[in-house]
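Here is the structure we will look at.
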Amino acid sequence: MVAIAPALVHVVADVLSSAAQWALEMDLAAPSRQSEYQGVANLLAGAARGLAPQLVAILLIAHDPWG
């Protein structure tokens, strides 16, 4: 029961951020190129999600924050 509230907050935040991202992409792009803009934005977001763990690991190893 304790884990339901944080999970619900996470789901609501995810839905709201997804809607905000879509609205931002549609507002920034020219009407004739909205699908291209959205495709590139999704490609870059996916690349960032894929590369972020490796980048964080490399930076932590390179800067050795614990010792």
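First residue of the sequence shown: 1408, per the working numbering; consecutive thereafter. Heads up, the beta-carbon is just placed ideally off N, CA and C, and yes, glycines get one too.
Unbroken alpha helix (DSSP H) run spanning LEU1442, endpoints
Numbered from its first residue, the sequence shown carries residue 1442 at position 35. According to the sequence as given, residue 1442 is Ser; it is not Leu. Counting along the chain, the alpha helix (DSSP H) containing SER1442 begins and ends at 1441-1470.
Where the alpha helix (DSSP H) through ALA1372 begins and ends
In this structure the chain extends from 1408 to 1474, so residue 1372 is not present and cannot be described.
Between which residues of its own chain and LEU1466 is the CB-CB distance below 7 Å, once the five residues before and five after are set aside?
Here residue 1466 refers to the residue found at position 59 when the sequence shown is read from its first residue. Nothing meets the Cβ criterion.
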